[in-house]
Amino acid sequence: MILDPKAAPFIAWTDMGASFVVSSVTEFSKTVLGSHFKHNNFSSFVRQLNMYGFHKINRTPRASRSTGTDQTWEFSHPKFLRGRPDLLDEIKRKALEPDLTARQRVELPAEVANQLGGVEGRVEQIAAQLEAEKEKNQRLALVVRQLCDWLAGMYPGQSEAFFSLQDMAGL
87 MILDPKAAPF IAWTDMGASF VVSSVTEFSK TVLGSHFKHN NFSSFVRQLN
137 MYGFHKINRT PRASRSTGTD QTWEFSHPKF LRGRPDLLDE IKRKALEPDL
187 TARQRVELPA EVANQLGGVE GRVEQIAAQL EAEKEKNQRL ALVVRQLCDW
237 LAGMYPGQSE AFFSLQDMAG L
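Take 87 as the starting number for the sequence shown in this note's numbering and just add one per residue.
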(Lines of atoms letter the chains of each structure in order from A and count residues from 1; the text may use other names and numbers.)
(Lines give C-alpha, C1' and ligand atoms only; values in the text may rest on other atoms or scores of the structure.)
Protein backbone atom coordinates (compact mmCIF):
# COMPACT_ATOMS: atom_id res chain seq x y z
CA MET A 1 0.00 0.00 0.00
CA ILE A 2 2.84 2.39 0.83
CA LEU A 3 4.42 1.67 -2.55
CA ASP A 4 1.15 2.15 -4.46
CA PRO A 5 1.51 5.39 -6.52
CA LYS A 6 -2.25 6.08 -6.18
CA ALA A 7 -1.85 6.05 -2.39
CA ALA A 8 1.25 8.28 -2.36
CA PRO A 9 -0.64 11.50 -1.50
CA PHE A 10 -2.08 9.82 1.63
CA ILE A 11 0.49 7.35 2.96
CA ALA A 12 4.29 7.52 2.95
CA TRP A 13 7.42 6.51 4.81
CA THR A 14 8.95 8.99 7.24
CA ASP A 15 12.41 10.35 6.39
CA MET A 16 14.15 7.74 8.57
CA GLY A 17 12.06 4.87 7.12
CA ALA A 18 11.24 3.44 10.57
CA SER A 19 7.57 4.46 10.48
CA PHE A 20 4.89 5.56 8.06
CA VAL A 21 2.45 8.46 8.05
CA VAL A 22 -1.17 8.47 6.97
CA SER A 23 -2.28 11.98 6.09
CA SER A 24 -5.74 13.23 5.23
CA VAL A 25 -7.38 10.34 7.02
CA THR A 26 -10.80 10.93 5.50
CA GLU A 27 -9.48 10.93 1.94
CA PHE A 28 -7.16 7.99 2.72
CA SER A 29 -10.18 6.01 3.94
CA LYS A 30 -12.25 6.82 0.85
CA THR A 31 -9.49 6.44 -1.73
CA VAL A 32 -7.02 3.84 -0.48
CA LEU A 33 -8.57 1.51 2.10
CA GLY A 34 -11.35 0.18 -0.14
CA SER A 35 -8.84 -0.91 -2.78
CA HIS A 36 -6.74 -2.90 -0.28
CA PHE A 37 -9.35 -4.10 2.26
CA LYS A 38 -12.99 -5.15 2.29
CA HIS A 39 -13.83 -1.91 4.09
CA ASN A 40 -12.95 1.77 4.10
CA ASN A 41 -13.20 2.25 7.87
CA PHE A 42 -10.06 3.91 9.26
CA SER A 43 -10.80 2.68 12.81
CA SER A 44 -10.82 -0.92 11.56
CA PHE A 45 -7.53 -0.30 9.77
CA VAL A 46 -5.98 1.03 13.01
CA ARG A 47 -7.37 -1.97 14.94
CA GLN A 48 -5.75 -4.34 12.42
CA LEU A 49 -2.44 -2.52 12.74
CA ASN A 50 -2.63 -2.87 16.53
CA MET A 51 -3.34 -6.61 16.25
CA TYR A 52 -0.10 -6.98 14.30
CA GLY A 53 1.94 -5.03 16.83
CA PHE A 54 2.02 -1.60 15.19
CA HIS A 55 1.97 1.40 17.49
CA LYS A 56 0.68 4.91 16.91
CA ILE A 57 3.29 7.60 17.40
CA ASN A 58 2.08 10.90 18.81
CA ARG A 59 4.51 13.62 17.89
CA THR A 60 2.10 16.54 17.79
CA PRO A 61 1.15 18.30 21.05
CA ARG A 62 -2.49 17.66 21.97
CA ALA A 63 -3.55 21.27 21.52
CA SER A 64 -2.05 21.35 18.01
CA ARG A 65 -3.61 18.12 16.74
CA SER A 66 -5.81 18.60 13.76
CA THR A 67 -9.18 17.06 13.14
CA GLY A 68 -11.09 16.11 10.05
CA THR A 69 -9.63 15.81 6.58
CA ASP A 70 -6.12 17.06 7.37
CA GLN A 71 -5.61 14.76 10.36
CA THR A 72 -2.27 12.86 10.28
CA TRP A 73 -1.43 9.57 11.99
CA GLU A 74 2.00 7.92 12.28
CA PHE A 75 2.59 4.21 12.94
CA SER A 76 5.66 2.08 13.58
CA HIS A 77 6.64 -1.54 14.03
CA PRO A 78 10.18 -2.77 14.77
CA LYS A 79 10.01 -5.17 11.79
CA PHE A 80 8.32 -2.79 9.32
CA LEU A 81 11.19 -0.79 7.89
CA ARG A 82 11.70 0.90 4.51
CA GLY A 83 13.90 -1.22 2.24
CA ARG A 84 13.61 -4.36 4.44
CA PRO A 85 10.95 -6.59 2.84
CA ASP A 86 12.82 -9.59 4.29
CA LEU A 87 11.43 -8.68 7.74
CA LEU A 88 7.77 -8.74 6.68
CA ASP A 89 7.43 -12.50 7.34
CA GLU A 90 8.33 -11.85 10.97
CA ILE A 91 5.30 -9.60 11.53
CA LYS A 92 2.71 -11.90 13.08
CA ARG A 93 -0.73 -11.33 14.44
CA LYS A 94 -0.71 -11.21 18.22
CA ALA A 95 -2.06 -14.38 19.80
CA LEU A 96 -5.12 -13.91 21.94
CA GLU A 97 -4.39 -14.55 25.58
CA PRO A 98 -7.06 -16.53 27.38
CA ASP A 99 -8.93 -14.44 29.91
CA LEU A 100 -8.58 -16.58 33.02
CA THR A 101 -10.52 -14.09 35.10
CA ALA A 102 -13.58 -14.58 32.88
CA ARG A 103 -13.93 -18.13 34.20
CA GLN A 104 -13.69 -16.86 37.75
CA ARG A 105 -16.45 -14.31 37.12
CA VAL A 106 -19.04 -16.95 36.22
CA GLU A 107 -21.95 -16.63 38.59
CA LEU A 108 -23.50 -19.83 39.84
CA PRO A 109 -27.16 -20.10 40.70
CA ALA A 110 -27.70 -19.39 44.42
CA GLU A 111 -28.70 -22.98 45.21
CA VAL A 112 -25.61 -24.40 43.50
CA ALA A 113 -23.37 -21.81 45.16
CA ASN A 114 -24.81 -22.75 48.58
CA GLN A 115 -24.29 -26.44 47.92
CA LEU A 116 -20.75 -25.77 46.74
CA GLY A 117 -20.04 -23.75 49.87
CA GLY A 118 -21.37 -26.63 51.99
CA VAL A 119 -19.21 -29.14 50.13
CA GLU A 120 -16.13 -26.93 50.54
CA GLY A 121 -16.81 -26.68 54.29
CA ARG A 122 -17.25 -30.45 54.57
CA VAL A 123 -13.98 -31.03 52.65
CA GLU A 124 -12.18 -28.77 55.14
CA GLN A 125 -13.68 -30.74 58.06
CA ILE A 126 -12.64 -34.06 56.54
CA ALA A 127 -9.12 -32.75 55.88
CA ALA A 128 -8.84 -31.67 59.54
CA GLN A 129 -10.11 -35.08 60.71
CA LEU A 130 -7.64 -36.82 58.43
CA GLU A 131 -4.78 -34.77 59.86
CA ALA A 132 -5.90 -35.64 63.41
CA GLU A 133 -6.05 -39.35 62.51
CA LYS A 134 -2.54 -39.18 61.01
CA GLU A 135 -1.24 -37.70 64.27
CA LYS A 136 -2.98 -40.47 66.30
CA ASN A 137 -1.49 -43.08 63.98
CA GLN A 138 2.02 -41.63 64.45
CA ARG A 139 1.61 -41.67 68.25
CA LEU A 140 0.39 -45.27 68.18
CA ALA A 141 3.28 -46.30 65.92
CA LEU A 142 5.71 -44.74 68.41
CA VAL A 143 4.08 -46.67 71.30
CA VAL A 144 4.29 -49.95 69.33
CA ARG A 145 7.93 -49.27 68.48
CA GLN A 146 8.76 -48.51 72.13
CA LEU A 147 6.87 -51.64 73.24
CA CYS A 148 8.80 -53.80 70.74
CA ASP A 149 12.09 -52.28 71.89
CA TRP A 150 11.16 -52.94 75.53
CA LEU A 151 10.17 -56.54 74.77
CA ALA A 152 13.37 -57.07 72.79
CA GLY A 153 15.31 -55.86 75.83
CA MET A 154 13.38 -58.18 78.17
CA TYR A 155 13.85 -61.22 75.92
CA PRO A 156 17.23 -60.82 74.20
CA GLY A 157 17.08 -64.11 72.30
CA GLN A 158 13.68 -63.31 70.83
CA SER A 159 14.57 -59.91 69.27
CA GLU A 160 14.07 -61.23 65.70
CA ALA A 161 10.42 -61.94 66.48
CA PHE A 162 9.93 -58.39 67.78
CA PHE A 163 11.62 -56.90 64.74
CA SER A 164 9.30 -58.90 62.45
CA LEU A 165 6.39 -57.57 64.54
CA GLN A 166 7.64 -54.03 63.83
CA ASP A 167 7.85 -54.87 60.10
CA MET A 168 4.26 -56.16 60.12
CA ALA A 169 3.14 -52.96 61.85
CA GLY A 170 4.91 -50.93 59.14
CA LEU A 171 7.29 -49.26 61.60
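We put the beta carbon where it would ideally sit given N, CA and C, even for glycine.
Three-state class that DSSP yields for residue i in the structure shown
| i | result |
| --- | --- |
| I143 | strand |
| I97 | strand |
| F166 | coil |
| S110 | coil |
| K178 | coil |
| D90 | coil |
| G243 | helix |
Extent of the continuous beta strand (DSSP E) run through residue i
| i | result |
| --- | --- |
| F123 | First-last for F123: undefined, no H or E at that position. |
Chain D within 9 Å of residue i, Cβ atoms only
| i | result |
| --- | --- |
| S129 | Of the chains in the structure shown, none is chain D; there is only one protein chain. |
Selected residue, minimal CA-CA separation from residue i, among the options
| i | options | result |
| --- | --- | --- |
| S105 | L167, E210, F128 and G243 | L167 |
| S115 | E176, P242, M102 and V132 | V132 |
| F128 | K180, V108 and Y138 | V108 |
| M137 | Q224, S130, R179 and D101 | R179 |
| L182 | F123, L89 and G139 | G139 |
| T117 | W159, S130 and I97 | I97 |
| E113 | W99, E219, A94 and T100 | A94 |
Residue i - partner residues in DSSP beta bridges
| i | result |
| --- | --- |
| W159 | V108 |
Element boundaries [alpha helix (DSSP H), containing residue i]
| i | result |
| --- | --- |
| G239 | A196 to M240 |
| R133 | F128 to M137 |
Where residue i falls, given that 16 or more other Cβ within 10 Å makes a residue buried
| i | result |
| --- | --- |
| L89 | exposed |
| L228 | exposed |
| L226 | exposed |
| L135 | buried |
| F161 | buried |
| V111 | buried |
| L119 | buried |
beta-carbon residue i near the ligand ZN non-hydrogen atom, thresh 8 Å
| i | result |
| --- | --- |
| V198 | In the structure on display, the ligand ZN does not appear, and there are no ligands present to speak of. |
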